[in-house]
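Chains as they are written, first to last, in our numbering: chain A, 1 to 341; chain B, 342 to 682; chain C, 683 to 1023; chain D, 1024 to 1364.
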């Protein structure tokens, strides 16, 4: 069987696991007050060229979205998101659970535009009844998006500019950011992101850690007593070392770049392979998620040897499916898949 | 320096780490749908002699308390707890965050009594205004308690009996359960606990895992769509294997008993040592947390070589401090500490 | 100045105010345990031909929506609503504040269709990832809708049928129900609504009370300890008599029908007048809200003498505005308005 | 039958009802934007000698406590209250429902002391683990208290002083404030309260309105978009006039003083009567709630002719009961009650 259904099916990158083993019996303080957490934060600050950034480690993506969003919003505010945003669709209402509405913006390829954002805000404040409505208090974007696409620097700059104008923070969900950064087509660097976003996270789970996401507050804007909020959400790991050691390793000798590159390389071979064999791609994703339109017969046949993800049905006889690669995907597996097509 | 400040200062037990390494490159399904989670659940069911138990793995204790309690309570209900209960004091209001009040019961040595519980409930339902008050909808106990003490079988049976009478579930916070089970003075076994409680958790973090707690619903009483609730709380790990593999190892060849015994052995040597040297114990904790009343001068001197935890000040010249042992504590460290006293 | 901006600009219908005065010095129990509340409930049960209905009085519409919805949903569920539903747009996130997502359905003239509902539910349960999504746990409709339209009996029966199939309750927001019932074009009676909905409310505020809405649970399905939930939301009036006396009067000698009829009569004269004078109606609302497309110049002129509500802008030179009548609108005011057109 | 069970058993003071009737057919803007609300606010500002105060009208006490507290606290904060505080006991968990813990302070006669408050805060910030605990973010007091007692000016100044030191707001629940102000023993005036508290409310429901409480933010410290928060809680009445007209009348020609005085006069006759007849008062309440210790036989006999409230049982043969007077209590009723004793 060949596995392409996601990018978190293996354990940890071997260097990360080795580091956990090497440090295992060291006696360390709990709750993130250990030297590995500090060191990891320093390395991330440096990679972001953002020496003042405040950094926190959490365990998973939904947890991170929930805590960041609800700690930055005021009670009467909601968060703006593309209608396809992960927070609005596949997080079981984690944002609403904290009392906040996800306000939908139109999307294209999983991305919002500065002009749609601007219209929304202008209309909102122009509406005489807006005091009876949820105030837009934050903008959420994912990069890469749920459709594998990337914001260009120009696009992010425009969105960021609108946020500045309206004094609302811009938050980037970077569950797959490390892969996005490794993409040759990418336009945005870590320092760009740190400059343009008020807060973002660098996902570990989909980039070779066992678990863990690094939240980066870039503008000395960490909500007061953020650690207490993390605890209140049940998200403060006693053995904070588990996160610190993994991120410290990820940012040592650019391991994160190596991990991202590996996923992109196999993805681009696969993408080219699909195209050469005449398959129709659903969109032009430059990252490690490739969306293909299969006719249903073909799909059923392929299923016998390959695991991939159902995405949606464009019509009665075709299906959009997703193939994901990761740091753990072997070129040989790609070869086998291509020979099956 | 000698470290006795808690039981979660090292990484994982070596067998657990080894197992993570051995299975690292296996391709496994996410979100807990992997064979290690299944196998771990089977082993726990068997250790509890509770073949129908539903078991879920979560990451930490506060998270577990929050999710179990809020998913079992109805909106208008609160949870009864000893006034010293962890949920009421040291979880940053995690229960209240979900909309539920922690209703305090009087405690002795961290334990509640069936009679105090019974009085509370009788008074509540006898109060003509109780429709204006928070309904008691669950009983929370910790075992071992925050003071290292254990419920006897008789005590737990009585508390459980009152819960049955009033049709409210009994929930045990077993953050240190594995250590409690290994204690020669213990009266309660895992099957007793599974029989008498409606739900409880077996803590991994304080018993040699990197993270992880196993929630056991014992009466086919899992709240509907519990997994969705877990996701809604941001507590569903993509790499569920991290928890499954660790718990599977913990319950293979009784490793959990070995781990518990190790903590208890060093604790009992230490306890006897304190007593022989004329130190006054604050209470008669039979588990791995030893509470000692130190005169402040002595305490300051000891601090130079030993790390321990401040508990409370009984008067102006003395302090109650806690020494905790764990599976990782070496007998030699105990010897060194005793020679310093 | 002529006032047509809403249907809650005057105080109470004179009979209601008189009754409040007549009973003012009676010594009555608080919190709804007075004979007027009982009598009002009996009269409503009888008007609904639903002898088993449980009835509660609350103060306002948003409060009612919030409490009914959150007390009937489980934690992991959201409420389905037309995208134009009041709960999703103009209630400041009151539903999300209680932790629940408003799940949008497509609408036409403010109404949802059984087939769109059915599709949504089928897709949801057909989605392999639905455990990561918000469960649809209730259907919210408004009748009359935010656009003044009414469900036909056939439409409501179909929607109700889908709800039965999926075992989710159907909830009708009847803020303007009394007016809807008085409409000659209406197809649905109170007994129909009680039979087809699991819960609905009869709005008082927009039908001549000072405040107050009557919630009707039709299927012996009142959430447990509903009164405590009402208290928990700060919605239990000490002087419950204020609501009981008003609703008792509203349902004495069919006053509610008289009130509804008065609003409809003036509205239909006005509507005909608009049509005769060649104005374009935005939709064919049969109730007391009339939506007219005005050219902007005309609108500005009219504003000098008439108060009405801005609705939306269909293009750059026109505006959709709303004229609302009520029990307090005088025929002479209609005449004056028509002569201004 | 004689009724002394509470101070909200009649409708409205006749002048208030008359004013509602006089203004009934005036066409007024909704949601509090009417001239009566404005005028009422001006009169309250003036009575408080606090020209900058922001004033909002809400419907009931629990609603007011819930909205004021949750809008002023940050997510990680709780509210300090006497253990007997209404918010902690008889509001069905309304504060916890908004995610915030009620942190208990010791009480005497329903009051907290500056020194107990100061100790709590000092201990909290002195605790090395306080980041894992609920932050004290507000102080709640009731005046008169649940036991009918009053803070002296010195007491309130000291409590206020501690709040200033720790930068946490002081909030007074004035459900019965109007009665407290009318008490000859009272030390605190409305301007004192406005000066010493950051926010407080003046209760209408227990002082002759049909419903309604006036929240006063005294330090230009209204939470941003407070009206939207009110709406989000379902607490924004469409016919805001109902509250505005009542409070405007209450503060016209010092009606509120007249109403308070009436309640106090009958209470003091009653209190003296109890004392003269040798009854034991439970405490020395100077306001309109009188707590008497009755032997149970006597109590049962009295119940046949008088309605009063059960409070608590000090021993097996006695009961503490409460007699409440109000603006509507007639001197003749007092005479009849005394003759029954």
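Each residue gets a CB set at the ideal place from its N, CA and C atoms; glycine is no exception.
Since residue 922(C) and residue 752(C) are thought to touch, with beta carbons under 8 Å apart, how far apart are those beta carbons, to the nearest angstrom? So it is not a contact: roughly 21 Å between Cβ atoms.
Would you mind telling me which residues of chain C sit closer than 7 Å to residue 476(B), beta carbon to beta carbon, in chain order? 907 and 910, listed in chain order.
Please tell me whether residue 133(A) and residue 124(A) are closer than 9 Å, where the distance is taken between their beta carbons. Cβ distance < 9 Å, so residue 133(A) and residue 124(A) count as in contact.
State the beta-bridge partners of residue 818(C) as determined by DSSP. Its beta-bridge partners are 760(C).
Contacts that residue 1099(D) makes with chain A (C-beta to C-beta distance below 7 Å): By Cβ distance, chain A contributes 225, 228, 229 and 232.
Reducing DSSP to helix, strand and coil, say where residue 708(C) ends up. Residue state, collapsed to three classes: coil.
Go through its chain and collect everything with a Cβ distance to residue 373(B)'s Cβ below 6 Å, but skip five positions before and after it. If we look at residue 373(B) and ignore the five residues flanking it on each side, its Cβ neighbours are 581.
State the DSSP-derived secondary structure class of residue 852(C), mapped to helix, strand or coil. Taken through DSSP and simplified to helix, strand or coil, residue 852(C) comes out as strand.
Residue-level contact to chain D via CB, residue 236(A), 9 Å cutoff: For residue 236(A), the nearest beta carbon of chain D is closer than 9 Å to its own beta carbon.
Evaluate contact between the segment 1315-1326 of chain D and the segment 999-1010 of chain C, counting only Cβ atoms and requiring at least three cross-stretch pairs below 8 Å. Output reads no: the segment 999-1010 of chain C does not touch the segment 1315-1326 of chain D.
Whose C-alpha, out of 1246(D), 1302(D) and 1238(D), is nearest the C-alpha of residue 1084(D)? For residue 1084(D), the nearest C-alpha among the options comes from 1238(D).
Taking the alpha-carbon of residue 871(C) as reference, which of 697(C), 730(C), 971(C) and 772(C) has the nearest alpha-carbon? Check the Cα spacing between residue 871(C) and each of 697(C), 730(C), 971(C) and 772(C): the tightest is with 730(C).
Have a look at 1309(D), 1300(D), 1310(D) and 1352(D) and flag the residue whose alpha-carbon is nearest the alpha-carbon of residue 1317(D). The candidate whose alpha carbon is nearest that of residue 1317(D) is 1300(D).
According to DSSP, which residues form a beta bridge with residue 54(A)? Looking at the DSSP assignment, residue 54(A) forms a beta bridge with 217(A).
Does the beta-carbon distance from residue 493(B) to residue 538(B) come in below 9 Å? No, the pair does not count as a contact, with Cβ atoms beyond the cut-off.
Quick check on the DSSP output: the beta strand (DSSP E) that includes residue 445(B) runs from which residue to which? For residue 445(B), the uninterrupted beta strand (DSSP E) segment begins and ends at 443-446.
For residue 913(C), count the other beta carbons within 10 Å of its own beta carbon; 16 or more makes it buried, fewer makes it exposed. Which is it? Looking at its Cβ environment, which holds 16 or more other Cβ atoms inside 10 Å, residue 913(C) is buried.
Does the beta carbon of residue 132(A) come closer than 9 Å to any beta carbon on chain C? Answer yes: the Cβ-Cβ gap between residue 132(A) and chain C drops below 9 Å somewhere.
How about residue 753(C): is its C-beta nearer than 9 Å to some C-beta of chain B? By this cut-off, residue 753(C) is an interface position.
Counting only the same chain and skipping the five closest in sequence on each side, list residues whose C-beta sits under 6 Å from that of residue 687(C). So the qualifying residues of the chain are 989, 990 and 991.
Name the DSSP beta bridge partners of residue 1342(D), please? According to DSSP, residue 1342(D) bridges with 1317(D).
Alpha helix (DSSP H) containing residue 615(B): first to last residue? Run containing residue 615(B): 596-617, per the alpha helix (DSSP H) assignment.
Give the C-beta separation of residue 252(A) and residue 43(A) to the nearest angstrom, bearing in mind that I take them to be a contact with Cβ-Cβ under 8 Å. Residue 252(A) to residue 43(A), Cβ: 7 Å. Contact.
Do residue 41(A) and residue 78(A) count as a contact pair if the criterion is CB distance below 9 Å? Cβ atoms of residue 78(A) and residue 41(A): not closer than 9 Å.
Within-9 Å CB hit, residue 355(B) to chain A: Chain A, which has a Cβ nearer than 9 Å to the Cβ of residue 355(B), makes this yes.
Quick one: does the C-beta of residue 210(A) sit closer than 8 Å to a heavy atom of the ligand ADP? In the structure shown, the ligand ADP is absent, as is every other ligand, since no ligand is present at all.
CA-to-CA distance, residue 274(A) to residue 286(A), given in whole angstroms: Each residue's alpha carbon lies about 14 Å from the other.
By DSSP's criteria, residue 1333(D) is part of a beta bridge. Which residues make up the other side? DSSP lists 1344(D) as the beta-bridge partner residues of residue 1333(D).
Output the distance between the C-alpha atoms of residue 359(B) and residue 17(A), rounded to the nearest integer angstrom. Distance between the alpha carbons of residue 359(B) and residue 17(A) is about 10 Å.
Residue environment, residue 953(C), which counts as buried when at least 16 other CB atoms sit within 10 Å: Result: buried.
Closest residue to residue 1159(D) among 434(B), 490(B) and 482(B) (Cα-Cα distance): Checked all of 434(B), 490(B) and 482(B); the closest Cα to residue 1159(D) is 434(B).
Would a check of beta-carbon distances place residue 693(C) closer than 9 Å to chain B? Not one chain B Cβ lies under 9 Å of residue 693(C).
Since residue 404(B) and residue 182(A) should fall inside the 8 Å C-beta cutoff, what is the C-beta to C-beta distance between them, to a whole number of angstroms? Taking C-beta atoms under 8 Å as the contact rule, residue 404(B) and residue 182(A) fail to qualify, at a distance of about 32 Å.
Could you name the residues of the same chain whose beta carbon sits closer than 7 Å to that of residue 563(B), not counting the 5 residues immediately before and after it, in chain order? Within the same chain, residue 563(B) has close Cβ partners 395.
Using a Cβ-Cβ distance cut-off of 9 Å, determine whether residue 99(A) contacts chain D. The beta-carbon of residue 99(A) is placed less than 9 Å from the nearest beta-carbon of chain D.
Locate the beta strand (DSSP E) running through residue 112(A), then write down its first and last residues. Here residue 112(A) belongs to no beta strand (DSSP E), and DSSP marks it neither H nor E.
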